[in-house]
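To keep things clear, I will list the structure first and then write my remarks on it.
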Amino acid sequence: MSTLLRTTLFIFLLFAVFTSFSQTAYKPNKQLQKEFSAYFRDAAAQYKILMKNLPAEKFPKTFFPSTNQYEFSNSGWWCSGFYPGSLLYLYEETKDSVLYNEAMHMLELLKKEQFNTHTHDLGFMMYCSFGNANRINPNTAYRQILVNSAKSLSTRFNETTGCIRSWDSKAGDFLVIIDNMMNLKLLFWATQVTGDSSFYKIAVTHANTTMKNHFRNDNSSYHVINYDTATGAVKQKKTAQGYADESAWARGQVWGLYGFTETYRETKDKKYLEQANKIATFILSNPNLPANKIPYWDFNVPGIPNVLRDASAAAIMASALIELAGYVDTKKANEYLSVAETILTNLSTPEYKAPAGTNGGFVLKHSVGHLPNKTEVDVPLTYADYYYIEAMKRYGQLKTVQ
4 MSTLLRTTLF
14 IFLLFAVFTS
24 FSQTAYKPNK
34 QLQKEFSAYF
44 RDAAAQYKIL
54 MKNLPAEKFP
64 KTFFPSTNQY
74 EFSNSGWWCS
84 GFYPGSLLYL
94 YEETKDSVLY
104 NEAMHMLELL
114 KKEQFNTHTH
124 DLGFMMYCSF
134 GNANRINPNT
144 AYRQILVNSA
154 KSLSTRFNET
164 TGCIRSWDSK
174 AGDFLVIIDN
184 MMNLKLLFWA
194 TQVTGDSSFY
204 KIAVTHANTT
214 MKNHFRNDNS
224 SYHVINYDTA
234 TGAVKQKKTA
244 QGYADESAWA
254 RGQVWGLYGF
264 TETYRETKDK
274 KYLEQANKIA
284 TFILSNPNLP
294 ANKIPYWDFN
304 VPGIPNVLRD
314 ASAAAIMASA
324 LIELAGYVDT
334 KKANEYLSVA
344 ETILTNLSTP
354 EYKAPAGTNG
364 GFVLKHSVGH
374 LPNKTEVDVP
384 LTYADYYYIE
394 AMKRYGQLKT
404 VQ
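FYI, in the working numbering the residues of the sequence shown are 4 to 405.
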(Lines of atoms letter the chains of each structure in order from A and count residues from 1; the text may use other names and numbers.)
(Lines give C-alpha, C1' and ligand atoms only; values in the text may rest on other atoms or scores of the structure.)
Protein backbone atom coordinates (compact mmCIF):
# COMPACT_ATOMS: atom_id res chain seq x y z
CA MET A 1 0.00 0.00 0.00
CA SER A 2 1.43 3.39 -0.95
CA THR A 3 2.25 6.11 1.56
CA LEU A 4 -0.35 8.35 -0.08
CA LEU A 5 -3.04 5.70 0.24
CA ARG A 6 -2.18 5.00 3.88
CA THR A 7 -2.32 8.70 4.63
CA THR A 8 -5.65 9.05 2.83
CA LEU A 9 -7.11 6.11 4.76
CA PHE A 10 -5.93 7.58 8.05
CA ILE A 11 -7.50 10.95 7.27
CA PHE A 12 -10.74 9.22 6.27
CA LEU A 13 -10.86 7.24 9.52
CA LEU A 14 -10.10 10.33 11.59
CA PHE A 15 -12.81 12.25 9.77
CA ALA A 16 -15.28 9.41 10.33
CA VAL A 17 -14.56 9.33 14.06
CA PHE A 18 -14.91 13.04 14.62
CA THR A 19 -17.85 13.40 12.24
CA SER A 20 -19.68 10.92 14.42
CA PHE A 21 -18.83 13.06 17.45
CA SER A 22 -20.36 16.10 15.76
CA GLN A 23 -23.61 14.24 15.17
CA THR A 24 -24.28 14.03 18.91
CA ALA A 25 -25.99 16.74 20.90
CA TYR A 26 -23.00 17.16 23.19
CA LYS A 27 -21.48 20.62 23.43
CA PRO A 28 -17.85 20.49 24.54
CA ASN A 29 -16.61 22.93 27.12
CA LYS A 30 -14.99 25.61 24.96
CA GLN A 31 -13.20 27.19 27.90
CA LEU A 32 -11.62 23.86 28.79
CA GLN A 33 -10.59 23.35 25.18
CA LYS A 34 -8.91 26.78 25.18
CA GLU A 35 -7.10 25.95 28.40
CA PHE A 36 -5.61 22.84 26.83
CA SER A 37 -3.27 25.02 24.76
CA ALA A 38 -1.64 26.18 27.98
CA TYR A 39 -1.67 22.65 29.41
CA PHE A 40 0.17 21.33 26.35
CA ARG A 41 2.79 24.05 26.80
CA ASP A 42 3.04 23.18 30.49
CA ALA A 43 3.54 19.52 29.61
CA ALA A 44 6.19 20.41 27.04
CA ALA A 45 8.10 22.42 29.65
CA GLN A 46 7.86 19.52 32.09
CA TYR A 47 9.15 17.04 29.55
CA LYS A 48 12.16 19.25 28.87
CA ILE A 49 13.01 18.88 32.56
CA LEU A 50 12.56 15.13 32.28
CA MET A 51 14.71 15.11 29.14
CA LYS A 52 17.61 16.84 30.91
CA ASN A 53 17.58 14.32 33.75
CA LEU A 54 17.44 11.24 31.55
CA PRO A 55 20.65 9.17 31.55
CA ALA A 56 22.07 8.00 28.24
CA GLU A 57 20.20 5.06 26.70
CA LYS A 58 17.57 5.06 29.46
CA PHE A 59 13.81 5.64 29.43
CA PRO A 60 11.84 7.40 32.19
CA LYS A 61 9.82 5.16 34.44
CA THR A 62 8.78 7.19 37.49
CA PHE A 63 9.90 9.76 40.05
CA PHE A 64 9.64 9.68 43.83
CA PRO A 65 8.90 13.20 45.12
CA SER A 66 9.59 12.23 48.74
CA THR A 67 13.22 11.36 47.96
CA ASN A 68 13.67 13.43 44.78
CA GLN A 69 14.83 10.31 42.94
CA TYR A 70 14.06 8.94 39.49
CA GLU A 71 13.60 5.37 38.37
CA PHE A 72 14.61 4.61 34.79
CA SER A 73 14.34 1.57 32.53
CA ASN A 74 15.92 0.11 29.44
CA SER A 75 14.12 -0.15 26.10
CA GLY A 76 12.72 -3.58 26.93
CA TRP A 77 10.47 -2.28 29.71
CA TRP A 78 6.81 -2.35 28.69
CA CYS A 79 6.45 1.42 29.14
CA SER A 80 9.35 2.42 26.88
CA GLY A 81 7.09 3.65 24.06
CA PHE A 82 5.11 6.13 26.12
CA TYR A 83 7.84 8.75 26.56
CA PRO A 84 8.56 9.17 22.83
CA GLY A 85 4.84 8.87 22.14
CA SER A 86 4.07 11.74 24.52
CA LEU A 87 6.86 13.82 22.99
CA LEU A 88 5.33 13.33 19.55
CA TYR A 89 1.84 14.25 20.74
CA LEU A 90 3.24 17.39 22.37
CA TYR A 91 5.23 18.27 19.27
CA GLU A 92 2.01 18.17 17.23
CA GLU A 93 0.38 20.61 19.63
CA THR A 94 3.31 22.97 20.25
CA LYS A 95 5.44 22.59 17.08
CA ASP A 96 8.49 22.61 19.37
CA SER A 97 11.27 20.88 17.43
CA VAL A 98 13.19 20.13 20.63
CA LEU A 99 10.48 17.64 21.53
CA TYR A 100 10.53 16.06 18.08
CA ASN A 101 14.30 15.70 18.10
CA GLU A 102 14.21 14.04 21.51
CA ALA A 103 11.54 11.65 20.25
CA MET A 104 13.73 10.74 17.27
CA HIS A 105 16.65 10.08 19.61
CA MET A 106 14.52 7.76 21.75
CA LEU A 107 13.20 5.91 18.71
CA GLU A 108 16.78 5.03 17.77
CA LEU A 109 17.21 3.44 21.20
CA LEU A 110 13.85 1.67 20.97
CA LYS A 111 13.92 0.25 17.46
CA LYS A 112 15.79 -2.93 18.40
CA GLU A 113 12.69 -4.05 20.32
CA GLN A 114 10.98 -4.79 17.00
CA PHE A 115 12.56 -8.25 17.27
CA ASN A 116 11.64 -8.82 20.93
CA THR A 117 9.53 -11.99 21.14
CA HIS A 118 9.58 -12.14 24.95
CA THR A 119 6.92 -9.50 25.58
CA HIS A 120 3.26 -9.07 24.69
CA ASP A 121 3.55 -5.30 25.07
CA LEU A 122 4.89 -4.44 21.63
CA GLY A 123 1.71 -2.50 20.91
CA PHE A 124 2.44 -0.18 23.82
CA MET A 125 6.15 -0.07 23.10
CA MET A 126 6.20 0.25 19.32
CA TYR A 127 2.80 1.53 18.19
CA CYS A 128 2.56 4.35 20.74
CA SER A 129 6.01 5.45 19.59
CA PHE A 130 6.72 4.42 15.99
CA GLY A 131 3.01 4.39 15.18
CA ASN A 132 2.75 8.06 16.06
CA ALA A 133 6.02 8.84 14.29
CA ASN A 134 4.74 7.12 11.15
CA ARG A 135 1.44 8.97 11.36
CA ILE A 136 3.24 12.32 11.53
CA ASN A 137 5.91 11.47 8.95
CA PRO A 138 5.08 8.24 7.07
CA ASN A 139 8.13 6.41 5.77
CA THR A 140 9.23 2.91 4.85
CA ALA A 141 11.65 2.59 7.76
CA TYR A 142 8.93 3.14 10.36
CA ARG A 143 6.60 0.87 8.43
CA GLN A 144 9.09 -1.99 8.42
CA ILE A 145 9.83 -1.60 12.13
CA LEU A 146 6.12 -1.79 12.91
CA VAL A 147 5.57 -4.80 10.64
CA ASN A 148 8.51 -6.58 12.26
CA SER A 149 7.04 -5.74 15.66
CA ALA A 150 3.71 -7.27 14.63
CA LYS A 151 5.52 -10.39 13.48
CA SER A 152 7.31 -10.63 16.82
CA LEU A 153 4.05 -10.20 18.73
CA SER A 154 2.40 -12.87 16.57
CA THR A 155 4.93 -15.48 17.73
CA ARG A 156 3.29 -15.36 21.16
CA PHE A 157 -0.07 -16.50 19.83
CA ASN A 158 -1.17 -20.03 20.69
CA GLU A 159 -3.83 -21.78 18.60
CA THR A 160 -4.92 -24.07 21.45
CA THR A 161 -5.63 -21.29 23.92
CA GLY A 162 -6.73 -18.81 21.26
CA CYS A 163 -4.68 -16.08 22.90
CA ILE A 164 -1.44 -14.15 22.81
CA ARG A 165 0.71 -15.12 25.78
CA SER A 166 1.23 -12.21 28.17
CA TRP A 167 3.89 -13.31 30.64
CA ASP A 168 6.35 -16.12 30.13
CA SER A 169 5.68 -18.72 32.80
CA LYS A 170 6.30 -22.29 33.88
CA ALA A 171 5.54 -25.19 31.56
CA GLY A 172 1.84 -25.93 31.24
CA ASP A 173 0.72 -22.44 32.19
CA PHE A 174 -0.34 -19.79 29.70
CA LEU A 175 -0.94 -16.42 31.38
CA VAL A 176 -3.06 -13.77 29.67
CA ILE A 177 -3.82 -10.37 31.19
CA ILE A 178 -6.59 -7.95 30.27
CA ASP A 179 -3.91 -5.36 29.41
CA ASN A 180 -3.12 -7.39 26.30
CA MET A 181 -6.22 -5.98 24.58
CA MET A 182 -4.21 -2.77 24.19
CA ASN A 183 -1.63 -4.44 21.95
CA LEU A 184 -4.03 -5.67 19.27
CA LYS A 185 -4.00 -2.36 17.38
CA LEU A 186 -0.49 -3.17 16.16
CA LEU A 187 -1.79 -6.35 14.55
CA PHE A 188 -4.78 -4.65 12.95
CA TRP A 189 -2.46 -2.02 11.51
CA ALA A 190 -0.13 -4.69 10.13
CA THR A 191 -2.95 -6.33 8.17
CA GLN A 192 -4.05 -2.95 6.79
CA VAL A 193 -0.61 -2.11 5.41
CA THR A 194 0.59 -5.56 4.32
CA GLY A 195 -2.62 -7.28 3.28
CA ASP A 196 -1.59 -10.27 5.42
CA SER A 197 -4.79 -11.34 7.18
CA SER A 198 -2.97 -13.53 9.70
CA PHE A 199 -2.37 -10.53 11.97
CA TYR A 200 -6.06 -9.62 11.91
CA LYS A 201 -7.11 -13.21 12.63
CA ILE A 202 -4.82 -13.41 15.65
CA ALA A 203 -6.18 -10.13 16.98
CA VAL A 204 -9.87 -11.06 16.69
CA THR A 205 -9.27 -14.56 18.03
CA HIS A 206 -7.55 -13.09 21.07
CA ALA A 207 -10.37 -10.56 21.53
CA ASN A 208 -13.01 -13.28 21.28
CA THR A 209 -11.26 -15.52 23.80
CA THR A 210 -10.79 -12.59 26.17
CA MET A 211 -14.45 -11.65 25.88
CA LYS A 212 -15.42 -15.24 26.68
CA ASN A 213 -13.18 -15.85 29.68
CA HIS A 214 -12.03 -12.59 31.24
CA PHE A 215 -15.38 -11.10 32.24
CA ARG A 216 -17.71 -11.72 35.16
CA ASN A 217 -21.49 -11.53 35.00
CA ASP A 218 -21.40 -7.89 36.09
CA ASN A 219 -19.03 -7.10 33.17
CA SER A 220 -16.03 -6.44 35.38
CA SER A 221 -12.88 -8.25 34.32
CA TYR A 222 -10.33 -10.46 35.95
CA HIS A 223 -6.76 -9.32 35.62
CA VAL A 224 -5.12 -12.67 34.82
CA ILE A 225 -6.42 -15.86 33.19
CA ASN A 226 -4.22 -18.93 33.29
CA TYR A 227 -4.93 -21.36 30.45
CA ASP A 228 -3.83 -24.96 30.12
CA THR A 229 -1.46 -25.05 27.15
CA ALA A 230 -2.40 -28.65 26.34
CA THR A 231 -6.19 -28.22 26.25
CA GLY A 232 -6.86 -24.46 26.20
CA ALA A 233 -9.07 -24.82 29.28
CA VAL A 234 -9.11 -22.10 31.93
CA LYS A 235 -7.11 -23.20 34.97
CA GLN A 236 -7.23 -20.05 37.09
CA LYS A 237 -8.86 -16.63 37.19
CA LYS A 238 -6.86 -14.29 39.39
CA THR A 239 -5.16 -10.95 39.89
CA ALA A 240 -1.59 -9.73 40.03
CA GLN A 241 -1.95 -5.98 40.50
CA GLY A 242 -5.44 -5.77 41.96
CA TYR A 243 -6.61 -6.10 45.56
CA ALA A 244 -7.96 -9.66 45.24
CA ASP A 245 -8.73 -12.28 42.61
CA GLU A 246 -12.42 -11.35 42.61
CA SER A 247 -11.95 -7.59 42.85
CA ALA A 248 -12.09 -5.12 39.97
CA TRP A 249 -8.64 -3.61 39.55
CA ALA A 250 -9.34 -0.13 38.17
CA ARG A 251 -6.70 0.05 35.47
CA GLY A 252 -7.63 -3.43 34.29
CA GLN A 253 -11.21 -2.29 33.72
CA VAL A 254 -10.14 0.67 31.60
CA TRP A 255 -7.62 -1.37 29.61
CA GLY A 256 -10.56 -3.51 28.59
CA LEU A 257 -12.72 -0.47 27.83
CA TYR A 258 -10.07 1.07 25.61
CA GLY A 259 -9.07 -2.22 23.98
CA PHE A 260 -12.56 -3.29 22.96
CA THR A 261 -13.33 0.22 21.70
CA GLU A 262 -10.28 -0.01 19.44
CA THR A 263 -11.23 -3.52 18.34
CA TYR A 264 -14.66 -2.25 17.28
CA ARG A 265 -13.03 0.60 15.38
CA GLU A 266 -10.83 -1.83 13.44
CA THR A 267 -13.43 -4.54 12.76
CA LYS A 268 -16.81 -2.74 12.87
CA ASP A 269 -18.10 -5.92 14.54
CA LYS A 270 -20.85 -4.78 16.90
CA LYS A 271 -20.15 -7.47 19.49
CA TYR A 272 -17.01 -5.54 20.42
CA LEU A 273 -18.95 -2.29 20.65
CA GLU A 274 -21.46 -4.05 22.90
CA GLN A 275 -18.62 -5.30 25.09
CA ALA A 276 -17.10 -1.82 25.37
CA ASN A 277 -20.48 -0.41 26.38
CA LYS A 278 -20.94 -3.12 28.99
CA ILE A 279 -17.57 -2.30 30.51
CA ALA A 280 -18.43 1.41 30.47
CA THR A 281 -21.70 0.67 32.25
CA PHE A 282 -19.92 -1.32 34.96
CA ILE A 283 -17.45 1.50 35.56
CA LEU A 284 -19.78 4.48 35.35
CA SER A 285 -22.58 2.95 37.41
CA ASN A 286 -20.25 1.58 40.07
CA PRO A 287 -21.14 3.00 43.49
CA ASN A 288 -17.43 3.21 44.30
CA LEU A 289 -16.62 5.52 41.38
CA PRO A 290 -15.96 8.90 43.02
CA ALA A 291 -17.86 12.01 41.99
CA ASN A 292 -14.72 13.46 40.37
CA LYS A 293 -14.42 10.25 38.29
CA ILE A 294 -10.79 9.60 39.33
CA PRO A 295 -11.05 5.92 40.33
CA TYR A 296 -9.70 4.34 43.45
CA TRP A 297 -6.90 1.98 42.46
CA ASP A 298 -9.31 -0.95 42.87
CA PHE A 299 -13.10 -0.71 42.90
CA ASN A 300 -13.37 -3.26 45.73
CA VAL A 301 -10.44 -2.44 47.97
CA PRO A 302 -11.40 -2.09 51.67
CA GLY A 303 -11.19 1.36 53.20
CA ILE A 304 -12.86 3.37 50.45
CA PRO A 305 -12.91 6.41 50.41
CA ASN A 306 -9.63 6.56 52.31
CA VAL A 307 -7.56 4.73 49.71
CA LEU A 308 -5.32 5.82 46.86
CA ARG A 309 -6.70 7.05 43.54
CA ASP A 310 -5.15 6.06 40.21
CA ALA A 311 -4.73 9.02 37.85
CA SER A 312 -3.50 6.68 35.11
CA ALA A 313 -6.78 4.76 35.13
CA ALA A 314 -8.67 8.05 34.90
CA ALA A 315 -6.63 9.27 31.94
CA ILE A 316 -7.04 6.00 30.04
CA MET A 317 -10.77 6.02 30.76
CA ALA A 318 -11.19 9.58 29.51
CA SER A 319 -9.41 8.88 26.24
CA ALA A 320 -11.38 5.67 25.67
CA LEU A 321 -14.74 7.28 26.43
CA ILE A 322 -14.12 10.11 23.98
CA GLU A 323 -13.57 7.63 21.17
CA LEU A 324 -16.40 5.33 22.28
CA ALA A 325 -18.79 8.30 22.23
CA GLY A 326 -18.32 8.46 18.48
CA TYR A 327 -19.87 5.00 18.00
CA VAL A 328 -23.00 5.19 20.17
CA ASP A 329 -26.36 6.91 20.34
CA THR A 330 -26.81 10.48 21.55
CA LYS A 331 -27.72 9.59 25.12
CA LYS A 332 -24.69 7.40 25.66
CA ALA A 333 -22.41 9.83 23.83
CA ASN A 334 -23.50 12.65 26.12
CA GLU A 335 -22.85 10.51 29.17
CA TYR A 336 -19.43 9.36 28.01
CA LEU A 337 -18.25 12.80 26.95
CA SER A 338 -19.53 14.40 30.13
CA VAL A 339 -17.53 11.92 32.22
CA ALA A 340 -14.44 12.48 30.07
CA GLU A 341 -14.82 16.24 30.56
CA THR A 342 -15.11 15.78 34.32
CA ILE A 343 -11.98 13.62 34.39
CA LEU A 344 -9.93 16.04 32.31
CA THR A 345 -11.12 18.99 34.37
CA ASN A 346 -10.09 17.29 37.60
CA LEU A 347 -6.80 15.88 36.32
CA SER A 348 -5.92 19.43 35.27
CA THR A 349 -6.25 20.83 38.80
CA PRO A 350 -3.25 21.26 41.13
CA GLU A 351 -4.34 18.13 42.99
CA TYR A 352 -3.26 15.97 40.03
CA LYS A 353 -1.36 18.18 37.57
CA ALA A 354 2.12 18.96 38.83
CA PRO A 355 3.20 22.60 39.28
CA ALA A 356 5.87 23.80 36.89
CA GLY A 357 9.33 22.49 37.66
CA THR A 358 8.17 19.78 40.07
CA ASN A 359 7.36 16.08 39.88
CA GLY A 360 10.65 15.33 38.12
CA GLY A 361 9.20 16.69 34.89
CA PHE A 362 6.25 14.30 34.76
CA VAL A 363 2.86 15.89 34.18
CA LEU A 364 0.45 13.99 36.44
CA LYS A 365 0.77 12.98 40.06
CA HIS A 366 -0.94 10.19 42.01
CA SER A 367 -0.90 7.06 39.89
CA VAL A 368 -0.68 3.52 41.22
CA GLY A 369 1.39 0.97 39.32
CA HIS A 370 1.58 -2.24 41.36
CA LEU A 371 0.40 -1.74 44.92
CA PRO A 372 0.47 -5.42 46.00
CA ASN A 373 4.12 -5.48 44.96
CA LYS A 374 4.67 -2.09 46.63
CA THR A 375 6.13 -0.63 43.43
CA GLU A 376 5.18 2.64 41.73
CA VAL A 377 2.68 3.58 44.42
CA ASP A 378 1.23 7.12 44.41
CA VAL A 379 3.78 8.40 41.91
CA PRO A 380 3.90 9.82 38.36
CA LEU A 381 3.91 7.28 35.52
CA THR A 382 4.69 7.65 31.82
CA TYR A 383 1.45 6.05 30.67
CA ALA A 384 -0.64 8.34 32.85
CA ASP A 385 0.93 11.29 31.04
CA TYR A 386 0.55 9.67 27.61
CA TYR A 387 -3.18 9.00 27.90
CA TYR A 388 -3.86 12.36 29.59
CA ILE A 389 -2.19 14.14 26.66
CA GLU A 390 -4.04 11.92 24.19
CA ALA A 391 -7.37 12.55 25.92
CA MET A 392 -6.79 16.31 25.80
CA LYS A 393 -6.02 16.07 22.08
CA ARG A 394 -9.18 14.08 21.46
CA TYR A 395 -11.40 16.33 23.55
CA GLY A 396 -9.88 19.40 21.95
CA GLN A 397 -11.00 18.15 18.53
CA LEU A 398 -14.65 17.79 19.54
CA LYS A 399 -17.00 20.17 17.77
CA THR A 400 -20.04 21.97 19.11
CA VAL A 401 -23.26 21.04 17.37
CA GLN A 402 -24.97 24.03 15.81
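From the three backbone atoms N, C-alpha and C, an ideal C-beta is built for every residue, glycine too. Bear in mind that the values here come from a model prediction, so they are computed numbers and not experimental data.
Quiz item: Does DSSP put residue 183 in a helix, a strand or coil?
Solution: helix
Quiz prompt | Beta-carbon contacts of residue 64 that lie in its chain and below 6 Å, excluding the five residues immediately before and after | solution = 74, 75, 76
Quiz item: In terms of residue numbering, what span does the alpha helix (DSSP H) encompassing residue 388 cover?
Solution: 385 to 399
Quiz item: Quick one: is residue 71 buried, meaning 16 or more other Cβ sit within 10 Å of its Cβ, or exposed?
Solution: exposed
Quiz item: In the DSSP assignment, what residue or residues form a beta bridge with residue 412?
Solution: Residue 412 lies beyond the residue range present for the chain, which begins at 4 and ends at 405; the question has no answer from this structure.
Self-check item: residue 381, enclosing alpha helix (DSSP H) - first and last residue
Solution: Counting along the chain, residue 381 falls outside any alpha helix (DSSP H), though it belongs to the beta strand (DSSP E) covering 378 to 382.
Self-check item: 4-residue-minimum alpha helix (DSSP H) runs that sit fully inside the stretch 157 to 204, ordered along the chain
Solution: 187 to 197
Practice problem: Tell whether a beta-carbon distance below 9 Å holds between residue 255 and residue 199. | Solution: no
Quiz item: Ordered along the chain, which non-local residues of its own chain (more than five positions away) have a Cβ less than 7 Å from that of residue 60?
Solution: 112
Quiz item: Mapping DSSP to helix, strand and coil, what is residue 69?
Solution: coil
Quiz item: With DSSP run on the structure shown, which of helix, strand or coil describes residue 44?
Solution: helix
Quiz prompt | Contact the stretch 248 to 262 vs the stretch 315 to 326: 3+ CB pairs below 8 Å | solution = yes
Practice problem: Would you list the residues sitting across from residue 108 in a DSSP beta bridge? | Solution: Answer is none; residue 108 lacks a bridge partner.
Quiz prompt | Collapsed DSSP secondary structure at residue 274 in the structure displayed | solution = helix
Quiz item: Between residue 203 and the rest of its own chain, which residues show a CB-CB distance below 7 Å, the 5 nearest in sequence each way excluded?
Solution: 190, 191, 194
Quiz item: By the 10 Å Cβ neighbour count, where 16 or more other Cβ atoms means buried, how is residue 244 classified, buried or exposed?
Solution: buried
Exercise. Starting from the C-beta of residue 311, find all residues in its chain whose C-beta is less than 6 Å away, skip the five residues before and the five after it, and write them out in chain order.
Key: 300, 371, 381
Quiz item: By the 10 Å Cβ neighbour count, where 16 or more other Cβ atoms means buried, how is residue 140 classified, buried or exposed?
Solution: exposed
Quiz item: Sorted by chain position, which residues of the same chain lie with C-beta nearer than 8 Å to residue 258's C-beta, five sequence neighbours on each side aside?
Solution: 181, 182, 184, 185, 319
Quiz prompt | Spatial distance of residue 375 from residue 246 (CA atoms) | solution = 7 Å
Self-check item: residue 249 classed as buried or exposed, judged by whether at least 16 other C-beta atoms fall within 10 angstroms
Solution: exposed
Practice problem: Assign residue 118 to one of two classes, buried (16 or more other C-beta atoms within 10 Å of its C-beta) or exposed (fewer than that). | Solution: exposed
Quiz item: Using DSSP with H/G/I as helix, E/B as strand and the rest coil, what is residue 370?
Solution: strand
Self-check item: Distance between residue 41 and residue 398 (C-alpha atoms, nearest Å)
Solution: 15 Å
Quiz item: How long is the line joining the alpha carbons of residue 83 and residue 108, rounded to whole angstroms?
Solution: 13 Å
Quiz prompt | Cβ separation of residue 116 and residue 78, assumed to be a contact under 8 Å, to the nearest whole Å | solution = 5 Å
Quiz item: Does any heavy atom of the ligand GDP sit closer than 8 Å to the C-beta of residue 96?
Solution: This structure does not include the ligand GDP; it has no bound ligands of any sort.
Quiz item: Does the beta-carbon distance from residue 284 to residue 222 come in below 9 Å?
Solution: yes
Practice problem: Pick helix, strand or coil for residue 252, following the three-state DSSP scheme. | Solution: strand
Practice problem: Can you grab the Cα-Cα spacing for the pair residue 33 / residue 166, in whole Å? | Solution: 43 Å
Practice problem: Tell me where the beta strand (DSSP E) around residue 238 begins and ends. | Solution: 237 to 241
Quiz item: Does any residue of chain C bring its CB to less than 9 Å from the CB of residue 368?
Solution: In the displayed structure, chain C is absent; only one protein chain is listed.
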